[in-house]
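Novice: Going left to right, the sequence shown walks through residues 28 to 269 as the numbering used here numbers them.
By construction, the Cβ of each residue, glycine as well, lies at the ideal position given by its N, Cα and C atoms.
All figures in this text were calculated on a predicted structure; none of them were measured in a lab.
Provided herewith is a single structure, encoded as structure tokens, for subsequent inquiry.
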Amino acid sequence: MNREYHHWYSPRLGRDMEFLVFGHAGAKVLIFPTRDGRFYEYENLGIVERLRNKIEAGHIQLFCVDSIDHETFYCFWRRPEDRIQRHMFFEDYVLNEIMPFMALKNPHPCVIAHGCSLGGYHAANIAFRHPHLFKKLVAFSGRFDLTLEVECFKNLFDGYYDDHVYFHTPSHFLPNLNCETQLTHLRQMEITLVIGKDDPFLQNNHELSQVLMQKGIRHALYEWEGRAHQGHYWRRMAPLYI
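This is the structure in structure tokens:
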């Protein structure tokens with residue numbers, strides 16, 4: 028299986044950024060790590076190995092990007108308005124540095140946004156905001172509203188709210204989305220949400236599913252037994268849904 032390590036200095040983020048590529052051809056899977064994960068997390072969790080057959084057959088190619096969540100949503104010494112601004116720089120990096128690299132490396136027309144836990148948020152947020160760039164979204168154990176307070180999970184903006192927070196919160200901006208062009212792209216996207224029945228964000232997934240149904244956006248929501256918010260669950264999910 029082809030494995031490549033890449034890094035470069037990102038002028039948008041003002042720092043070096045690293046990522047891994049697995050495979051040589053096929054649909055391009057843009058993978059975001061969990062809150063505490065790095066670009067090598069997907070490999071370390073054994074999920075890449077579970078996808079080996081699809082990767083070696085040229086069905087999919089994985090692009091595992093790094094996280095800066097501890098500079099954004101989990102950087103609590105920053106002001107909330109600076110947290111969301113730093114996240115927007117990260118999205119700019121993905122859109123204008125990573126995705127052009129993916130396009131040059133692999134001309135396959137299908138791009139899949141994917142992630143687990145907070146990575147599921149990143150995947151859903153970028154796909155819902157820029158649906159013309161993606162053919163498929165696969166989010167495992169995702170949280171789609173970072174302002175929610177559930178169990179030990181706090182509002183990541185400490186009660187602060189502005190237009191930037193709104194437009195980076197899928198379960199907030201999607202209900203009011205009326206752009207027919209964007210809706211058409213969303214209705215053409217294959218969307219898969221997977222969540223555990225005991226996961227604290229089960230209700231948030233149901234709420235998002237309801238919004239998608241109201242907008243006529245086809246999708247699948249799968250519920251697994253238990254919390255299903257760990258690597259051994261995601262290893263089983265990946266071959267089924269990606």
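Going by beta carbon distance, what residues of the same chain come within less than 8 Å of G50, once the five residues before and after it are set aside?
Specialist: Same-chain partners within the cutoff: M28, N29, I82, E83, G85, I87, Q88, L89.
Novice: May I ask which residues mark the beginning and end of the beta strand (DSSP E) holding E207?
Specialist: Careful: E207 lies outside any beta strand (DSSP E), inside the alpha helix (DSSP H) at 207 to 215.
Novice: Pull up the CB-CB distance for N232 and G169, whole angstroms please, since I reckon it's below 8 Å.
Specialist: Indeed they touch by this definition, with Cβ atoms about 7 Å apart.
Novice: Should I125 be flagged as near chain D, meaning a C-beta pair shorter than 9 Å?
Specialist: The structure shown contains no chain D, having only a single protein chain.
Novice: Please report the Cβ distance between R42 and L145, rounded to the nearest whole angstrom; I am assuming they are in contact, meaning their Cβ atoms lie under 8 Å.
Specialist: In fact, because the Cβ distance is near 19 Å, the residues do not count as touching under 8 Å.
Novice: Count the other CB atoms, across all protein chains shown, that sit within 10 Å of the CB of D226; report buried if there are 16 or more and exposed otherwise.
Specialist: It counts as buried.
Novice: Out of V48, H195, N71, G73, state which residue places its alpha-carbon closest to the alpha-carbon of A130.
Specialist: Ranking the options by Cα distance to A130, first place goes to V48.
Novice: Here's the rule I'm using: 16 or more other beta-carbon atoms within 10 Å means buried, otherwise exposed. How should L267 be labelled?
Specialist: So L267 ends up on the exposed side.
Novice: Ordered along the chain, which non-local residues of its own chain (more than five positions away) have a Cβ less than 8 Å from that of Y67?
Specialist: Excluding sequence neighbours, Y67 sits near L47, C91.
Novice: According to DSSP, H97 sits in a beta bridge with which residue or residues?
Specialist: According to DSSP, which records beta bridges pairwise, H97 is partnered with nothing at all.
Novice: Could you check which residue in G64, H157, E45, V221 has the C-alpha nearest to that of P197?
Specialist: That would be H157, whose Cα lies nearest to the Cα of P197.
Novice: For I222 versus F155, is the C-beta distance shorter than 9 Å?
Specialist: Not a contact, by the Cβ cut-off of 9 Å.
Novice: So which of C179, M240, H259, T99 has the shortest CA-CA distance to V192?
Specialist: Checked all of C179, M240, H259, T99; the closest Cα to V192 is T99.
Novice: Between the C-alpha atoms of C137 and F128, what's the straight-line distance to the nearest angstrom?
Specialist: Cα to Cα, C137 sits roughly 15 Å from F128.
Novice: So L164 is in the beta strand (DSSP E); what residue range does that whole segment cover?
Specialist: Per DSSP, L164 belongs to the beta strand (DSSP E) from 163 to 167.
Novice: Could you please give the first and the last residue of the uninterrupted alpha helix (DSSP H) stretch that includes D190?
Specialist: D190 -> alpha helix (DSSP H) spans 190 to 194.
Novice: Let me check understanding here. Comparing Cα to Cα, which of M240, E118, Y101, A52 lies closest to T174?
Specialist: Among M240, E118, Y101, A52, the Cα nearest to that of T174 belongs to Y101.
Novice: Could you check whether the region 68 to 82 touches the region 250 to 264, counting it as contact only if at least three pairs of C-beta atoms, one from each stretch, sit closer than 8 Å?
Specialist: Touching, yes.
Novice: Rounded C-beta distance between Y148 and F171? I'm assuming under 8 Å.
Specialist: So it is a contact: roughly 6 Å between Cβ atoms.
Novice: Could you check what DSSP says for Q88 in three-state terms: helix, strand or coil?
Specialist: Reduced to three states, the DSSP call for Q88 is strand.
Novice: With burial defined as no fewer than 16 other Cβ atoms inside 10 Å of the residue's Cβ, what is the status of K224: buried or exposed?
Specialist: Exposed, since its Cβ has fewer than 16 Cβ neighbours within 10 Å.
Novice: Give me the residue from E207, L229, R39, R214 with the minimum Cα distance to V177.
Specialist: Closest option to V177, Cα to Cα, is L229.
Novice: Tell me, please, whether the region 107 to 118 touches the region 233 to 253 by the rule of three or more beta-carbon pairs shorter than 8 Å.
Specialist: Taking 8 Å as the limit for Cβ pairs, the verdict is that the region 233 to 253 does not touch the region 107 to 118.
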